[in-house]
Amino acid sequence: MEVGVAVAAASMIQAFFFILLIAAGKPRVEIRAKDEVLPRELPMAVKPVLDDAPLLKLGGKKVKPKLPEMWKKLDPIVAQRFEEKSAPSDKAKDDPKAAPTSSVAVGDAAAPPPDADLAKQVDPALQDLDAAVAAKEPEVEGPGAKDGVKEGTETDPLKARAVDQYRMKVLGWFNSRFKQPVGQIPCDELHKLSASVSANVSSDGTVTGYSMTRPSGNATFDAKVRATMDGIVGQQLPPPPPLYPGILGSTVQPTFSGKGAKCE
Amino acid sequence: MRVTSLRWVVALSVLSAAAHAQEAKPDESALGEFVVTGSGSTEHVPKIAVLPSLSPDMEDVVVRGTVRRNFELTGLYDVIADAKAPPGLYGFEDAVDIDAWKKLGAEAIVKVAARKHTSGKIEVFGLAYFLNVGKDPVYEKKLLVDAKDVRVTAHRITDALLGALTGRPGGFASHFVYSGRWGTKSYRIFSMDADGHNLTPTSDPNDTAIAPAWGPSQQIFYGLSKNYSPYRLMRFDGQKHERIALPFKTSIYSVAFDKTHAKMAVAVADSAGSAIYVGKPDGSEMKKVSSTELATHPVFSPSGKLAWIGGSKAKGSQRVYVDDKPVSPPGFTAGAPAFCDTEDGIRLVYSVSVGGDRHDIVMSAEKGGGTQRLTQNQGSNTSPACSPDGRLLAFFSTRKKPGTYFMSLKRWKTQQLNGQVGESLRWEALPPP
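For the protein sequence lines, the chains are A and B, in the order given. Numbered by this note's numbering, the letters in the first sequence go through residues 119 to 382 in order. Numbered by this note's numbering, the letters in the second sequence go through residues 990 to 1422 in order.
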């Protein structure tokens, strides 16, 4: 009897325990996660402060100084000359006498470019210009050069040649210092831009200052021209030939043009 | 009328250099406007014809050969080969077939000729034609000279023709002086013409003579040591050698003169090393100008700047100093500075040790910067010297064929002048006739 009561009591205790466990597994109260407070974004100015302390030297091997490689001048490019050639054409006249006398071009020979050295056809605009020049009176009296032009003023062929050679030297000097703003301005637009500058030159040929006499109107191009001229100020132009020291005046007038820009 | 040697006798329609150089006011409109495109403008090498000669006379052969070689050396022109010369007459007074040469692409024609004159002298003449101007010469010069002066006259004709063609007279009427080894122990002073001819030793073979330079009145100044005594500054006027009185008892290592020969710079040994002093060519009014512990090999630039090789025992390598400031790259031992008055402005040229007992020649702006290397992997190249017109650089080289070499500063083409190798090469123009 006592054993039966003990077993019954123990079974009840076990049953109560299991019921309590089941009841605890289904809680009606939910514990909510605490919302995280995000930091508030506040704009602020940052002023960098340079560290006055010198940077410590990193150890390493001794760097051996190296001379630049020997500079090899490229051979000058020989200008390609084009000669007059004939080719079959639908527009040819039906007259053997009108046949051209020049040699016949080979099958797929390239047409000469517009700026070929030997131009056989002159632009109408140039013909107009020639007519205008022909109407002008020579500006210098007396005998002139065989290939002189009416608006020409130089009577000394030696000086004219020296001036021409010196102009090419000065042009090359400026060319080597001007980089086209390719990639910053659309190519079609860049080709149309030009800006004129008047640079002051001291007696020893040093460029002392400049002013932009005719800006291109494009801010990027004008900024490039100004940057080029800023770099040129303080540099010495190539000296004029000793026999004609006066051909370099107190100003030079370069016109920076985007026409030569090579866009890819 | 007696005519002294090298006197100009006849000048037909001469457009003289002096007249051109005396332009007073700058011509503001000469250059005009020019268009800068930033593209590297290809350099135009004009074709030029130096007319051949069929004359068997020695003077004619010498004059024409010299002028033609000079034009080739400048690197300024593509000289049309004699083999392409159009058939015709090429005598002293024969007319030039302008049209025939024009077909060969010549832009200018140079005609030089020489023949014996009734006076016993040699008549030399030179003409220049621009084919775009016409059939009349743009330059013409005729000279009457002694037979011994034919070669130098050919150089003067070349210089005058180059002046006519470019506005910058040539520098072929000039000569060298240098110090060369004599036997195994001593060094002698040698002089020679700019074309390598007339090589002449001038100092005693039993002494050691170093570091020569051209001084006033074409005198050669140099350092001389007898029996290991300190080097003394000497002067050779073509006849006799005499010592220059200097207020120094130590060795004189080298000497230099400015453009007008009014200033003389000497490198003097002192207790700490050596120093540069500048004074008058007679050795008076000497003042110390260098501040480096070691200072040797002074040289004046055409604009009056003074360069030398300076350094200290502590720093090791020696650098080029211009007006007491180092201008050559640090870490390289530099030597033998020289200045070149080139078409592009004044340039500083010097040699740099590159290891293996070899040197290379580099060029920079007058005050340093923009260093360019002129020689590489071609033996040891030392003692650069520039022609009076700044178009050619001469130097000694131990390349495959050791000797004195010319380099065109226009085309960078190098040609051997002769087989002479030495030290302290100096190049100076001959005085006007």
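Note that the Cβ used here is the ideal one computed from N, Cα and C, for glycine as well.
Next on the checklist: Contact criterion: CB-CB distance below 7 Å. Does Met347/A meet it with respect to chain B?
Outcome noted: No, no contact with chain B.
Checklist entry - Given that a residue counts as buried once 16 or more other Cβ atoms are within 10 Å of its Cβ, and exposed if not, what is Val1039/B? => result Classification for Val1039/B: buried.
Checklist entry - When burial is assigned at 16 or more other CB atoms within 10 Å of the CB, is Gly1172/B buried or exposed? => result Exposed is the call here.
Checklist entry - Where does the unbroken beta strand (DSSP E) through Arg1401/B begin, and where does it stop? => result Contrary to the premise, residue 1401/B reads as Trp rather than Arg in this sequence. Trp1401/B -> no beta strand (DSSP E), and no H or E assigned at all.
Checklist entry - Are the beta-carbon atoms belonging to Ile1241/B and Tyr1217/B less than 7 Å from one another? => result In this structure, Ile1241/B lies away from Tyr1217/B, with their beta-carbon atoms at least 7 Å apart.
Item to check | Contact list for Ser1311/B against chain A, beta-carbon separation under 8 Å | outcome: Note on identity: in this sequence residue 1311/B is Val, with Ser being the wrong assignment. Here the premise fails: no neighbours, minimum Cβ distance about 15 Å.
Checklist entry - Near Asp1226/B, what residues of its chain come up, given a Cβ to Cβ distance below 6 Å and the 5 sequence neighbours on each side ignored? => result Within the same chain, Asp1226/B has close Cβ partners Gln1208.
Checklist entry - Between the Cα of Asn1195/B and the Cα atoms of Ala1202/B, Arg1104/B, Leu1213/B, which residue gives the shortest distance? => result The shortest Cα separation from Asn1195/B among Ala1202/B, Arg1104/B, Leu1213/B belongs to Leu1213/B.
Next on the checklist: Quick check on the DSSP output: what are the complete beta strand (DSSP E) runs of length 3 or more inside the region 1270-1350 of chain B, in order along the chain?
Outcome noted: With a minimum length of 3 residues, the continuous beta strand (DSSP E) runs that stay inside the region 1270-1350 of chain B are 1283-1289, 1295-1300, 1308-1311, 1323-1331, 1334-1344.
Next on the checklist: What would DSSP say about Tyr284/A, mapped onto helix, strand or coil?
Outcome noted: DSSP places Tyr284/A within a helical segment (H, G or I) once states are collapsed to three.
Item to check | Beta-carbon spacing of Gln298/A, Gly1156/B below 7 Å | outcome: Not closer than 7 Å, so no.
Next on the checklist: List, from N- to C-terminal side, the beta strand (DSSP E) runs of 3 residues or more that fit wholly inside the region 1351-1377 of chain B.
Outcome noted: At a cut-off of 3 residues, the continuous stretches assigned as beta strand (DSSP E) that sit fully inside the region 1351-1377 of chain B are 1370-1375.
Item to check | Proximal residues of chain E, C-beta to C-beta of Glu187/A below 8 Å | outcome: The displayed structure is made up of protein chains A and B, and chain E is not among them.
Item to check | Bridge partners - Gln371/A, DSSP secondary structure assignment | outcome: Paired residue(s): Glu1022/B.
Checklist entry - For the beta strand (DSSP E) that Ser1243/B lies in, which residues bound it at each end? => result Where Ser1243/B is concerned, the enclosing beta strand (DSSP E) stretches over 1241-1246.
Next on the checklist: With distance defined between alpha-carbon atoms, name the residue in Leu1120/B, Asn1121/B, Ser1108/B, Tyr1128/B nearest to Phe1114/B.
Outcome noted: Sorting Leu1120/B, Asn1121/B, Ser1108/B, Tyr1128/B by C-alpha distance to the C-alpha of Phe1114/B places Tyr1128/B at the top.
Next on the checklist: Taking 7 Å as the threshold (beta carbon to beta carbon), is Thr331/A in contact with chain B?
Outcome noted: Chain B places no beta carbon closer than 7 Å to that of Thr331/A, leaving this residue out of the contacts.
Next on the checklist: Taking only three categories from DSSP, how would you classify Asn318/A?
Outcome noted: In the three-state scheme derived from DSSP, where H, G and I count as helix and E and B as strand, Asn318/A is classed as strand.
Next on the checklist: Can you list, in chain order, the residues of its chain with a C-beta nearer than 6 Å to that of Thr326/A? Leave out the 5 residues immediately preceding and following it.
Outcome noted: Leaving aside the five residues that flank Thr326/A on each side, the residues in its chain whose CB is nearer than 6 Å to its CB run, in chain order, Asn318, Ser320.
Checklist entry - Would you say Asn318/A faces chain B, with C-beta separation under 7 Å as the test? => result For Asn318/A, the nearest beta carbon of chain B is not closer than 7 Å to its own beta carbon.
Item to check | Cα-Cα separation between Ile365/A and Pro1315/B, rounded to whole angstroms | outcome: When rounded, the separation of the alpha-carbon atoms in Ile365/A and Pro1315/B is 35 Å.
Item to check | Coil, strand or helix - Gln298/A by DSSP | outcome: The answer is coil: DSSP assigns Gln298/A none of H, G, I, E or B.
Next on the checklist: Within 7 Å of any Cβ in chain B, is that where the Cβ of Tyr328/A sits?
Outcome noted: Closer than 7 Å: no.
Checklist entry - Among residues of its own chain, excluding the 5 on either side of Asp1046/B, which ones have a beta-carbon nearer than 8 Å to its beta-carbon? => result So the qualifying residues of the chain are Ala1103, Arg1104, Lys1105.
Checklist entry - Given that a residue counts as buried once 16 or more other Cβ atoms are within 10 Å of its Cβ, and exposed if not, what is Ser1263/B? => result By the 10 Å Cβ count, Ser1263/B comes out buried.
Checklist entry - How big is the Cα-Cα spacing for Asp1184/B and Asn1407/B? => result Rounded to the nearest angstrom, the two C-alpha atoms are 9 Å apart.
Checklist entry - Counting contacts by CB-CB distance shorter than 7 Å, is Thr338/A in contact with chain B? => result No, no contact with chain B.
Checklist entry - What residues in the region 1333-1344 of chain B have a beta carbon less than 8 Å from any beta carbon of chain A? => result Close to chain A, meaning a Cβ-Cβ distance shorter than 8 Å, are the following residues of the region 1333-1344 of chain B: Asp1333, Gly1334, Val1341, Val1343.
Checklist entry - Can you tell me whether DSSP reads Pro1158/B as helix, strand or coil? => result Coil, per DSSP.
Item to check | DSSP beta-bridge partners of His1164/B | outcome: When DSSP reads this structure, His1164/B sits in a beta bridge with Asp1182/B, Glu1417/B.
Item to check | Interface residues of chain A facing Gly1027/B [CB-CB closer than 7 Å] | outcome: What Gly1027/B touches in chain A, judged by beta-carbon distance under 7 Å, is Asn293, Phe296, Lys297, Gln298, Gly378, going in chain order.
Checklist entry - From Ser207/A, Lys211/A, Arg158/A, Lys215/A, pick the residue whose C-alpha is nearest to that of Ala223/A; which is it? => result Nearest option by C-alpha distance: Ser207/A.
Checklist entry - Would a check of beta-carbon distances place Glu1412/B closer than 7 Å to chain A? => result Glu1412/B does not count as touching chain A.
Checklist entry - Taking just the CA atoms, how far does Leu355/A sit from Asp322/A? => result Each residue's alpha carbon lies about 9 Å from the other.
Checklist entry - When the Cβ atoms of the region 1139-1146 of chain B are set against those of the region 1043-1062 of chain B, are three or more pairs found closer than 8 Å? => result Contact between the region 1139-1146 of chain B and the region 1043-1062 of chain B is present, because at least three Cβ pairs lie under 8 Å.
Next on the checklist: Can you confirm whether Phe1289/B, when its beta carbon is compared against all beta carbons of chain A, has any partner nearer than 7 Å?
Outcome noted: No, no contact with chain A.
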